[in-house]
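See below for the structure under consideration.
Protein chains: 2
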Amino acid sequence: MTELQFNSWQTIQDEVLRRIHVRDWPPGAVIPNEADLAKEFGCARATVNRALRALAEAGILERRRKAGTRVALHPVSRATVDIPIIRQEITGRGQAYDYRCMSRSVTRPPSRVIDRLGIQGGVDCLHVTALHLASGAPFVFEDRWINLATAPDAAEQSFDALSANEWLLANIPYTHGDIRFAAEAASEHDATVLETSHGEPVFVMERVTWDHDRAITFARLCYAPGYGIVTRFGSAP
Amino acid sequence: MTELQFNSWQTIQDEVLRRIHVRDWPPGAVIPNEADLAKEFGCARATVNRALRALAEAGILERRRKAGTRVALHPVSRATVDIPIIRQEITGRGQAYDYRCMSRSVTRPPSRVIDRLGIQGGVDCLHVTALHLASGAPFVFEDRWINLATAPDAAEQSFDALSANEWLLANIPYTHGDIRFAAEAASEHDATVLETSHGEPVFVMERVTWDHDRAITFARLCYAPGYGIVTRFGSAP
DNA sequence: GAGTGGTCTAGACCACGGT
DNA sequence: CCGTGGTCTAGACCACTCG
């Protein structure tokens, strides 16, 4: 009845959020369908759809055909984390970037890596280790295995000056990847490279990158003590 | 010329990705505008818009009015991390959830917390510490400060049986939050509670939750050794 | 100023999946 | 079966911003 104008999809999104916040639509409740909301808000159904779809992508609403749209029962906070190229991450902080390749060899990877890459035994991989420095100080130690069956051109790269991180991104297309964040104790080798102590807590990021069903590379990034990842969830500034 | 049918926005997205992958449109290049692509693909401009907007949200394209759409120069991997309620995280692994409140008091927070909450000095907060257990083993230690100016009802809660984590989510609406992941050495107290050793690496998540410009709560979650966060980026399975 | 993406509309058909 | 969201269309106006 209150035919107030909600013309933009963001206005509608705000109104829906408000109704959720004031428990007009409590968690688990089914909200009116798109057609009814469009009529109430005095706009096209596509506009309502745009607003509700964005909220569903944020994890606030759950939508299913025929069943309708309901307020999520178990509010998960869905945060988006941007993982930049290491060079960008360092120069973005106003620090000087430096790179040092530490080893390069073609070997059969340990079973731990074979499992992550999902490859058959006996496949040789290119193993590269390198250090990325920020203003001269060790920033992150990169321990990477490249599947030569997927990225054969990598065999001709020395990675002396250009990091595998950047070369792969610039030359090998990927479709998706897995990431794992964890806290680990610095190994003897990690500690030496990062100029810290054995057993010191280090932030570790492990990434596997894929091109469709073919594994490209597995990387273990071991960050110097003090590193952290910052991110946000929700909409407002 | 090739008036093949690209009717769905996902088909168009795949085709755009393919052209990026084969360096038809290299990083930094400006791609044709929506109207031209719509003509080429034989579909409505809105359909092209849908496909390109999704790729922009994924960080693969950068779009600006008048300047047009270009392939992102510095490919960031944008991963989405779901942060569930702790109870859900544990029961979702098929383990039994248990909760133990360890302390509760109204105090003035340390300056470190005051800074994160962005509040004026002299404001009292509710300080709650608690342990969440998975199948009887310590899982995560929660050290939380609740801003009573924003959530006054919290003062009447004992948090003996229901964790602050769940009570807040169910009773205090929020709009957004900040998250920080890091690796730290377990303090003497952390170690005792988590049944590990002093100095052991632990995964730490710090969260500040807001309702518009009012801080609700700051939580430091200290996970038992071995914990990690897994996530994905990109589109394919 | 003018080109580009951003958005809205009114209508239509379709695919999924509860009932 | 049939209601619901998912999507597409053709056209229109607007807002931003680059040149």
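These protein sequence lines are chains A and B, in that order. Numbered according to this note's numbering, the first sequence spans residues 173 to 409. Numbered according to this note's numbering, the second sequence spans residues 173 to 409. From the three backbone atoms N, C-alpha and C, an ideal C-beta is built for every residue, glycine too.
{"query": "Own chain residues within Cβ distance below 7 Å of G371/B, not counting five before or after", "result": "A357, A358"}
{"query": "Burial state of S249/A (16 or more Cβ within 10 Å)", "result": "buried"}
{"query": "Start-to-end residues for the beta strand (DSSP E) that takes in W181/A", "result": "Per DSSP, W181/A belongs to no beta strand (DSSP E); it is in the alpha helix (DSSP H), 181-193."}
{"query": "Chain B contact for M375/A (CB, 7 Å cutoff)", "result": "Per the sequence presented here, residue 375/A reads as Phe, with Met not at that position. By this cut-off, F375/A is an interface position."}
{"query": "Spatial distance of R284/A from V376/A (CA atoms)", "result": "16 Å"}
{"query": "Collapsed DSSP secondary structure at H370/A in the structure displayed", "result": "coil"}
{"query": "Close Cβ partners of G349/B (< 7 Å) along its chain, the five nearest in sequence each way excluded", "result": "R379, V380, T381, W382"}
{"query": "Helix, strand or coil at L393/A [DSSP, three-state]", "result": "strand"}
{"query": "Beta carbon proximity, Q182/B to chain A, threshold 7 Å", "result": "no"}
{"query": "Nearest-angstrom Cβ-Cβ length linking V295/A and A321/A, presumed shorter than 8 Å", "result": "6 Å"}
{"query": "Same chain only: Cβ atoms within 7 Å of T174/A, ignoring 5 sequence neighbours per side", "result": "Confidence at T174/A is low in this model, with a pLDDT of 41, below 50, so its placement is unreliable and the value that follows should be read with caution. Here the set comprises nothing."}
{"query": "Within-7 Å CB hit, V380/B to chain A", "result": "no"}
{"query": "Rounded C-alpha distance that separates I344/A from R217/A", "result": "42 Å"}
{"query": "Straight-line Cα distance separating P198/B from Q185/B", "result": "16 Å"}
{"query": "Extent of the continuous beta strand (DSSP E) run through L233/B", "result": "233-236"}
{"query": "Neighbour flag for D208/A against chain B, beta carbons, 7 Å", "result": "no"}
{"query": "Sub-7 Å separation of R352/A and G264/B beta-carbons", "result": "no"}
{"query": "Under 8 Å by beta carbon: chain A residues contacting Y346/B", "result": "G406"}
{"query": "F213/B and R288/B closer than 7 Å at C-beta", "result": "no"}
{"query": "Assigned exposure category for L245/A - 16 Cβ within 10 Å defines buried", "result": "exposed"}
{"query": "Three-way DSSP call (helix, strand, coil) for S307/B in this model", "result": "coil"}
{"query": "Inter-residue Cα distance where the pair is I257/B and D208/A", "result": "32 Å"}
{"query": "Neighbouring residues, chain A, relative to I356/B (Cβ below 8 Å)", "result": "For clarity, residue 356/B is Glu in the given sequence; the question names Ile instead. In chain order: A355, P373."}
{"query": "For Y269/A: DSSP bridge partner residues", "result": "A306/A"}
{"query": "Any C-beta of chain A under 7 Å from that of P471/B", "result": "No answer is possible for residue 471/B: the residues shown for chain B start at 173 and end at 409."}
{"query": "Nearest-angstrom Cα separation, counted from N337/A out to I232/B", "result": "17 Å"}
{"query": "Neighbour-count burial assignment, R316/A, 16 or more Cβ in a 10 Å radius", "result": "buried"}
{"query": "Residue-level contact to chain B via CB, L341/A, 7 Å cutoff", "result": "yes"}
{"query": "Own chain residues within Cβ distance below 6 Å of I203/B, not counting five before or after", "result": "W197, T241"}
{"query": "Proximal residues, the region 239-253 of chain B versus chain A, C-beta separation under 7 Å", "result": "H246, P247, V248, S249, R250, A251, T252, V253"}
{"query": "Members of the region 192-208 of chain B that neighbour chain A once the beta carbon cut-off is set at 7 Å", "result": "H193"}
{"query": "Short CB-CB distance (under 7 Å) between T403/A and chain B", "result": "yes"}
{"query": "Where the beta strand (DSSP E) containing S249/B begins and where it ends", "result": "249-255"}
{"query": "Interface residues of chain B facing I423/A [CB-CB closer than 9 Å]", "result": "The question about residue 423/A has no answer, for chain A in this structure spans 173 to 409."}
{"query": "Residue from E187/A, V188/A, G200/A, W181/A whose Cα sits closest to the Cα of A342/B", "result": "G200/A"}
{"query": "Assigned secondary structure, W317/A (DSSP; H/G/I helix, E/B strand, else coil)", "result": "strand"}
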